[in-house]
Every structure is written in C-alpha cells, then in structure tokens.
Amino acid sequence: MAENLNRRKFLSIATSLTSAVGGIFAVGAFVSTFQPSKKAKALGASIKVSLSKLEPGSIIKVIYRGKPIWVLRRTDEMISELDNENSYLRDPKSELSIQPDFAKNKFRSKNPEFFVVEGVCTHLGCAPIEKFAIAPADMGPDWKGGFYCPCHGSKFDLSGRVYAGVPAPSNLRVPAHNFIDETTLLVGENS
Ligand code: FES
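Quick note, the sequence shown lines up with residues 712 to 902 if you use this note's numbering.
1. Sorry if obvious, but does the Cβ on His863 come closer than 7 Å to a heavy atom of ligand 1?
2. At what residues does the alpha helix (DSSP H) containing Thr790 begin and finish?
3. In chain order, which continuous runs of the beta strand (DSSP E) of length 3 or greater are located wholly inside the region 797-870?
4. Between the alpha carbons of His834 and Gly857, how many angstroms are there, rounded?
5. According to DSSP, simplified to helix, strand and coil, what is Arg784?
6. Out of Val782, Ile758, Glu841, which has the shortest C-alpha to C-alpha gap to Glu766?
7. Cα separation between Lys759 and Asp802?
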C-alpha cells in the first residue's frame with residue numbers, strides 16, 4: 712500500500728514538474744516581451760512560479776540561478792506534524808541556518824501551506840529525495856515525513872530542518888522569495 716502511495720505521489724510530482732517547467736517558459740516569453748523595470752534588472756532575473764495546479768502533498772521543482780528550488784504544498788496533516796516534539800532536530804528554531812527573516816519559524820515559510828526550499832543537501836551538495844510517507848519501512852517507525860539525502864544519510868523534516876547526528880550541519884536553505892498573490896510565487900526577492 713505504501714508502495715502504491717509512493718508511486719502515485721511520484722506520478723503526481725512528475726505531472727506537476729512538467730506543468731511548472733511549462734510555466735517557467737511561459738514566464739520567460741512574457742519577460743522577453745515586456746522590458747523589466749530598472750529595479751528588476753538590478754535584482755537579477757527573479758522568476759515567477761504558478762502554484763495554481765500544485766496539489767496538497769505534492770512538490771514542484773524549478774531552477775533558479777543554477778540551483779534547484781522546490782515548492783512543497785503541505786497538507787494539513789503535514790503541517791500538524793511540525794507541531795510535534797522536535798528534540799531530534801539539530802537547529803529546530805533555525806537560528807544557525809539560512810532563510811529570510813520571515814521564514815525563521817517552525818514552518819520556515821511565510822505561509823505554512825507552501826514551503827520553498829533549495830533542493831541541495833547542506834553537507835556536500837547532493838540532492839535529497841522526498842520521503843513524505845509517515846513511518847515507511849525504509850525510514851523506520853519514528854519517521855514523520857521529510858527529505859532524505861542518499862549520499863551520506865542526512866535527514867530533514869518537512870520544514871527542511873536537519874536531524875541531529877547526521878553529516879549535514881544545518882537546515883536546508885530557504886531562498887529569497889515572496890508571494891505576488893495566493894498562487895503566484897516570486898523566487899529571488901523577499902519583498
Ligand atoms: S551530501 Fe547529503 S549527507 Fe552528504
């Protein structure tokens with residue numbers, strides 16, 4: 712059953728990814744049609760990402776300045792898991808980790824529903840993989856969902872907070888970002 716769930720989630724992710732890439736190309740066409748403002752030029756090429764088709768429990772992945780940026784739309788259950796005991800985390804309050812000021816909270820986001828994060832392990836830069844199911848056989852009965860780095864076994868929760876006792880020294884980085892409206896994300900600017 713867990714395998715079927717994971718497979719369905721994978722297919723959903725693949726579909727969402729295709730949509731997101733299409734969205735990025737559409738934005739590129741828009742930008743090339745209309746001149747960006749001086750402010751936009753000074754800030755570099757921020758990108759817009761439409762979240763309108765992102766289903767709860769799914770993730771989309773885009774590239775910003777050569778880095779993978781992931782957007783997870785957390786379910787209510789995922790959000791509630793972040794209220795649980797967190798003594799197993801190395802930096803639960805994100806005091807030693809990198810994120811915008813508004814994301815220095817247990818959700819590491821402005822809106823708990825949407826989690827925006829760099830998909831790069833803070834140990835040696837591998838790509839963590841999604842492990843959203845609770846207590847799957849390969850992660851053990853205490854696993855509450857999160858990200859797992861297959862290179863050296865680092866674990867992160869659904870806010871990208873690193874577990875204690877793994878090689879990664881800090882939480883996954885949260886990039887500068889902002890929401891233009893309820894379903895449009897701007898990656899690259901905090902305001
Ligand atoms: S690169 Fe992720 S644990 Fe080493």
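By construction, the Cβ of each residue, glycine as well, lies at the ideal position given by its N, Cα and C atoms.
Considering the structure as presented:
1. yes
2. Reading off the sequence shown, one finds Ile at residue 790, where the question assumed Thr. Its alpha helix (DSSP H) spans residues 787-792.
3. 825-829, 840-842, 857-859, 866-868
4. 16 Å
5. strand
6. Val782
7. 30 Å
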